[in-house]
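Residue numbers (the numbering used here), protein chains in the order written: chain A, 1 to 158; chain B, 1 to 158. Cβ coordinates follow ideal geometry from the N, Cα and C atoms, glycine included. As the structure is a computational prediction, the values presented were derived from the model and not from experiment.
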DNA sequence: CATACACGATACTTTTAATGTTACGTGATA
DNA sequence: TATCACGTAACATTAAAAGTATCGTGTATG
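In C-alpha cells, the structure reads:
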C-alpha cells in the first residue's frame, strides 16, 4: 500500500488523445476577447490546428448557450455575446456537451452480483467526490479571471 | 455561472465504455478472497461476462505485482498471493497499467501560443488536484476494507 | 442583383485505446 | 500421454472524438 501519487499526465509515455473540446473553446474564447470584430471559423481552425467544420460543430454549443453569436456573410464570424465574468469554465464544459470526465469506471453499474455492486459503490463514491471537486473548481473560475491570469502572466514576462 | 454539479454518470443517457480494468479486478479479487482454491481464467471470464484471454491479460499485471499467483495444469488457476490488507485500490489501479484517469484534457500540452498555455495551466491545475484526491482516496482503501464493507452489506440485508 | 463570403448541417472517414476473439505454445497433473 | 490451464501473439471489434467533403442558406458588397 501507500504508493506515492504521480502528477497528472505522468503515467503514460505515449500521447493520449483526450477530449479537448473544453480546452479548445477556452483557448478560442480568450482569443476572441482580445480580438476586435468577428473571427471566422477558418481563422479559428488555423489557430487550433483543425478544420472549420470542427470549429462550427464545437462552437454550436456555445452559441446555443448564448456565450457567443455567429454572423453570416461578409465580415461575419464569431463574437462574444456574454460578459466574460458571467461564464465559468464549467459553463463552457457543459456547453460543449458536458462530456464524461473520467476514463475509468465500473463495467456494469447495475450489476446482479452483490460483490460487484459493493465494488461499484466504493468506486462510484471515490469518482463522485473527485467529480464534485473538479466541477466545483471549474465552476469557480470565470473566463474573465482566466483572461486576467493571462495578462498577469504576460506582464510578468516583461 | 454557478450551475449545479450533477452526480457522476448522469451526464449521458447512452452507455459510455469506461476503462473497467480496475473495477473488474476488484470484483475478481473479492471473489477470490471468498473462494477456496484456485479460480480458472474461464470461471473468472464467465463471472465478468468476458473472455479468458482478457482475464489473463488483465491479471498479468496483478501477477507481476505479486498480488496473485497463477498455476498451470490440473487444479490450477489464480490464487491470492498477498494479504488483502496490504493491497490498496490504488495498487490495483497501478498494477493493471495505471491507465489515464480523465477523459478531458488539453489538446497540446506544449503549446506555442501563450493564451493556450494559460488555459492549459489553469486546466492542468484543476485536473492535478482532482487526480490527487482520486489517487489519495484509492490509496486509502485496502482490499480487506472493501471485503469488510461487502460483509457488512450482506449482514445488513438479513 | 450577382457574387463571394461565412455559417448550418449532413454524411461520411479516420484515429485511438480498450476490449473481444482465435490460435498455438508450454508446463503441470492425473 | 492426454487433458487441463496459463502464456503469448496476432487480429477483429467497438465507441467516441476528431477530421473531411459537400451542400444549403443567409448576408454584405460591388
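_Against chain A, with Cβ distances strictly below 7 Å, would residue 149 of chain B count as a contact?_
yes
*Does the beta carbon of residue 27 of chain B come closer than 7 Å to any beta carbon on chain A?*
yes
*Considering residue 71 of chain B, what are the terminal residues of the beta strand (DSSP E) in which it resides?*
68–71
*residue 125 of chain A by DSSP, collapsed to three states: which one?*
helix
_If you reduce the DSSP assignment to three classes, tell me which class residue 41 of chain B lands in._
helix
*Around the Cβ of residue 42 of chain A, are there at least 16 other Cβ atoms within 10 angstroms (buried) or fewer (exposed)?*
exposed
*Residues from the stretch 67–96 of chain B in contact with chain A, defined by Cβ distance under 9 Å*: 85, 86, 87, 88, 89, 90, 91, 93, 94
*Got a sec? Which residues, its chain only, sit under 7 Å from residue 134 of chain A by beta carbon, not counting five neighbours each side?*
101
*asked:* I need the DSSP call for residue 119 of chain A, collapsed to helix, strand or coil.
replied: helix
*Cα separation between residue 108 of chain B and residue 61 of chain A?*
22 Å
*Go through its chain and collect everything with a Cβ distance to residue 26 of chain A's Cβ below 8 Å, but skip five positions before and after it.*
89, 92, 143, 146
*Under 7 Å between C-beta atoms, does residue 52 of chain B make it to chain A?*
no
*Under a CB-based cut-off of 7 Å, is residue 41 of chain A close to chain B?*
no
_Cβ of residue 64 of chain B within 7 Å of any chain A Cβ_ = no
_Our contact map puts residue 84 of chain A next to residue 152 of chain A with C-beta atoms below 8 Å; I'd like the distance itself, whole angstroms only._
With 8 Å as the limit, residue 84 of chain A and residue 152 of chain A do not qualify as a contact, their Cβ atoms being about 15 Å apart.
*Cα-Cα separation between residue 45 of chain A and residue 57 of chain A, rounded to whole angstroms*: 11 Å
*Checking contacts by CB at 7 Å: is residue 7 of chain A closer than that to chain B?*
The predicted model places residue 7 of chain A with a pLDDT of 33, which falls under 50 and marks its position as unreliable; any figure quoted below should be read in that light. Cβ-Cβ to chain B under 7 Å: yes for residue 7 of chain A.
_7 Å Cβ cutoff, residue 116 of chain A in contact with chain B_ = yes
_In DSSP terms, what residue 79 of chain A is bridged to_ = A:69
*asked:* Please state the DSSP three-state secondary structure of residue 160 of chain B.
replied: Examination of residue 160 of chain B is not possible in this model, given that chain B is present from 1 through 158 alone.
*How would you label residue 53 of chain B, buried or exposed, when you count the other beta carbons within 10 angstroms and need 16 or more for buried?*
exposed
*Any Cβ of chain A within less than 7 Å of the Cβ of residue 55 of chain B?*
no
*Could you check how far apart the C-beta atoms of residue 79 of chain A and residue 38 of chain A are, in whole angstroms? I think they sit under 8 Å.*
5 Å
_On the CB-based measure, 16 or more other CB atoms within 10 Å of its CB, does residue 20 of chain A come out buried or exposed?_
buried
*Determine the chain B residues that contact residue 106 of chain A at a beta-carbon separation under 8 Å, and present them in chain order.*
18, 20, 23
*Going by Cα to Cα distance, which pick from A:48, A:139, A:112, A:18 is closest to residue 113 of chain B?*
A:48
*Give every residue of the same chain whose Cβ lies closer than 7 Å to the Cβ of residue 66 of chain B, excluding the five residues on either side of it in the sequence, and list them in chain order.*
81, 82
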